[in-house]
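Peer 1: Residue numbers (my numbering), protein chains in the order written: chain A, 1 to 138; chain B, 1001 to 1138; chain C, 2001 to 2138; chain D, 3001 to 3138. For every residue, glycine included, the Cβ atom is placed at its ideal position computed from N, Cα and C. Please read all numbers here as calculations on a predicted model, not as lab measurements.
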């Protein structure tokens, strides 16, 4: 392994295209959402809290995004048996709540998106719409 | 005073229109920025960290937005003599750094926008472009 | 008991030898890891986040190291029945997640090592390799 | 601007080579140091606290590394006039203390290194030795 290696990152154009697509889908389903996008190190790239969304869902959406970006898997895939333990050991950053998906383009993990305020299935539908908008794997 | 009263709030459509205008202006000036918009209670409505912006400016941009939303005045208007004291007393949320402006429409204070990563003047130019996009007072 | 007594502490040379051995083992098993070493007071001595490791595992690896250093036992030995209560009462610092081991040389507790990003068994294998590198008890 | 773009990142091999070179230089000068390396989003990659170093310097070294990684400039370049304000507005993450340098290879900003426990000049000498070890710009 070399000292450095080439990788790919998500631009703000990509993040904002995801936000726009997520908002459009949430509006279409009539369920306001909080949507958070983080990069591959967990630093926030973009977020929005839609009118009428639960304001605390901004926090859980961030945890969902962090979980997906860190593990490279949906937040809902965190095993039930360790959810409380891992949540406690990570200051609440790691969660098993559904609604977080990794952002992966060309096989490279670029970060994560977390959506919260609806049902788990609504959250995931909005997250998937965002991924599709930039041609990310869904 | 009655027990309740009518007010106005900024929607996510308004916040996203501000983000888009701010990003366009920042791209035009060639200075990537962190842009944060908070509501009249200081809760984040939308934010973006542009590619190449200083990631710590996300924190200072949030402080600028909070300051402007709380005071109804530009963050740079906090008097020099009390800046450190007020910063300490508010866990860093109140700042005298320029780049935060109140969002006021029809005389009603709706929140604040904070911009950071450029010079103070660049930050303010981007914040003003965002306000203009929704017809807010500048 | 006297007012003072002689003890033993882990040097940075010891901590870095542990890090190197842990990284070598993790590379050999093809599972990138976060590895954290703390002293007998819980203060970090050394840490590394390997390329491809889960970034949130840096937090849980630290909790594992703290738990092992504090209790002088593997983190996984925290009784199931009290894990959530103890995690809550210690701001998440004490965890029952496996992957944390005490660092003990000549019967003296010098600190703890925490490893995270793999399975519990992988985490422990890496931690044991680190202990072996400095002749610590395993 | 596309949704994604190619970039370069520092591997753990690069970060550990920096740590080793920094420790060797600090040992040679007889001044134990705290050394922290963060990636381009500020997430810690590696750190060490040398025997005899000031344990609180671990915190300031992290702030120096974050400052350099965020601004792409030495931490000591933060203008005197705004140091307190920016420190407050970033939860102490941004500092004007010398000893933080950006990690830049082939013109790409990969993160930052922060060194603390010696004089400002000693801290910088150790940071420069670390950069040289991976062929980064100094």
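Give the interface partners of residue 85 of chain A over in chain C, defined as CB-CB distance under 8 Å, in chain order.
Peer 2: 2083, 2084, 2087, 2095, 2096 and 2097
Peer 1: So what does DSSP say about residue 58 of chain A, is it helix, strand or coil?
Peer 2: Note: residue 58 of chain A maps to helix in three-state DSSP.
Peer 1: Over the uninterrupted alpha helix (DSSP H) stretch that includes residue 3019 of chain D, give me the two end residues.
Peer 2: Unbroken alpha helix (DSSP H) run through residue 3019 of chain D: 3012 to 3029.
Peer 1: Taking 8 Å as the CB-CB cut-off, is residue 1003 of chain B touching chain A?
Peer 2: no
Peer 1: Can you tell me the Cα-Cα spacing of residue 1010 of chain B and residue 3087 of chain D, whole angstroms?
Peer 2: 30 Å
Peer 1: Looking at C-beta atoms only, is the number of pairs between the segment 3061 to 3079 of chain D and the segment 1062 to 1070 of chain B that lie closer than 8 Å three or more?
Peer 2: These segments do not touch.
Peer 1: Can you tell me whether residue 3039 of chain D is buried or exposed, with buried defined as 16 or more other CB within 10 angstroms of its CB?
Peer 2: Taking a 10 Å sphere around the C-beta of residue 3039 of chain D, we find 16 or more other C-beta atoms and assign the residue as buried.
Peer 1: Checking contacts by CB at 8 Å: is residue 11 of chain A closer than that to chain D?
Peer 2: yes
Peer 1: Report the residue ranges of all alpha helix (DSSP H) runs contained in full by the segment 1056 to 1109 of chain B; include only those spanning at least 4 residues, in chain order.
Peer 2: 1057 to 1071 and 1083 to 1089
Peer 1: What does residue 1047 of chain B pair with, by DSSP beta-bridge criteria?
Peer 2: A:47 and B:1036
Peer 1: Between residue 3105 of chain D and chain A, is any beta-carbon pair separated by less than 8 Å?
Peer 2: Judged by the 8 Å Cβ criterion, residue 3105 of chain D is in contact with chain A.
Peer 1: With a threshold of 8 Å between beta-carbons, can residue 40 of chain A be considered close to chain F, or not?
Peer 2: The structure shown contains no chain F; its protein chains are A, B, C and D.
Peer 1: Does residue 3006 of chain D get closer than 8 Å to chain A when you measure Cβ to Cβ?
Peer 2: yes
Peer 1: Could you give the first and the last residue of the continuous alpha helix (DSSP H) run that contains residue 2052 of chain C?
Peer 2: Careful: residue 2052 of chain C lies outside any alpha helix (DSSP H) and carries neither H nor E.
Peer 1: Check residue 1009 of chain B in the structure and name its three-state DSSP category.
Peer 2: coil
Peer 1: From residue 3116 of chain D to residue 2063 of chain C, what does the alpha carbon distance come to, in whole angstroms?
Peer 2: 25 Å
Peer 1: Can you give me, in chain order, the residues of the segment 63 to 78 of chain A that have a beta carbon less than 9 Å from any beta carbon in chain C?
Peer 2: Taking 9 Å as the Cβ-Cβ cut-off against chain C, the residues of the segment 63 to 78 of chain A that qualify are 66, 67, 69, 70, 71 and 72.
Peer 1: When the Cα of residue 1035 of chain B is compared with those of B:1138, B:1136, B:1124 and B:1135, which residue comes out closest?
Peer 2: B:1124
Peer 1: Please classify residue 1003 of chain B as buried or exposed, where buried requires at least 16 neighbouring CB atoms within 10 angstroms.
Peer 2: exposed
Peer 1: Against residue 2046 of chain C, what residues of chain D qualify as contacts under a CB-to-CB distance less than 9 Å, listed in chain order?
Peer 2: 3019, 3046, 3047, 3048 and 3049
Peer 1: Could you tell me which chain B residues have their CB closer than 9 Å to the CB of residue 16 of chain A, listed as they occur along the chain?
Peer 2: 1016, 1019, 1020, 1023 and 1048
Peer 1: Assuming residue 3136 of chain D contacts residue 3105 of chain D under a Cβ cut-off of 8 Å, what Cβ separation, rounded to an integer in Å, is found between them?
Peer 2: 5 Å
Peer 1: Check the C-beta distance from residue 2102 of chain C over to residue 2109 of chain C and give it rounded, since I have them as a contact under 8 Å.
Peer 2: Beta-carbon to beta-carbon, residue 2102 of chain C and residue 2109 of chain C are separated by about 6 Å, close enough to satisfy the 8 Å threshold.
Peer 1: Can you find a C-beta in chain B that's less than 8 Å from the C-beta of residue 59 of chain A?
Peer 2: Taking Cβ atoms only, chain B never reaches closer than 8 Å to residue 59 of chain A, which makes this a no.
Peer 1: Let me see if you follow: with CB-CB separation under 8 Å, is residue 2030 of chain C close to chain A or not?
Peer 2: no
Peer 1: Among the residues of its own chain, which have a CB less than 8 Å from the CB of residue 1047 of chain B, if the five just before and after it don't count?
Peer 2: Within the same chain, residue 1047 of chain B has close Cβ partners 1019, 1034, 1035, 1036, 1037, 1058, 1061 and 1062.
Peer 1: Looking at residue 2023 of chain C and residue 2050 of chain C, is the spacing between their C-beta atoms short of 8 Å?
Peer 2: yes
Peer 1: Could you name the residues of the same chain whose beta carbon sits closer than 7 Å to that of residue 1083 of chain B, not counting the 5 residues immediately before and after it, in chain order?
Peer 2: 1096
Peer 1: Decide if residue 3025 of chain D is buried, meaning its Cβ has at least 16 other Cβ atoms within 10 Å, or exposed.
Peer 2: Taking a 10 Å sphere around the C-beta of residue 3025 of chain D, we find 16 or more other C-beta atoms and assign the residue as buried.
Peer 1: Give every residue of the same chain whose Cβ lies closer than 6 Å to the Cβ of residue 3131 of chain D, excluding the five residues on either side of it in the sequence, and list them in chain order.
Peer 2: 3138
Peer 1: Using a threshold of 8 Å, state whether the C-beta atoms of residue 3016 of chain D and residue 3111 of chain D are closer than that.
Peer 2: no
Peer 1: Could you compute how far the alpha carbon of residue 2127 of chain C sits from the alpha carbon of residue 2054 of chain C?
Peer 2: 17 Å
Peer 1: Are the C-beta atoms of residue 91 of chain A and some chain C residue less than 8 Å apart?
Peer 2: yes
Peer 1: Closest Cβ-Cβ distance between residue 2056 of chain C and chain A: below 8 Å?
Peer 2: Output row for residue 2056 of chain C: interface = yes.
Peer 1: Can you check whether the C-beta of residue 1137 of chain B is within less than 8 Å of a C-beta belonging to chain A?
Peer 2: no
Peer 1: Could you please give the first and the last residue of the uninterrupted alpha helix (DSSP H) stretch that includes residue 1129 of chain B?
Peer 2: Per DSSP, residue 1129 of chain B belongs to the alpha helix (DSSP H) from 1120 to 1133.
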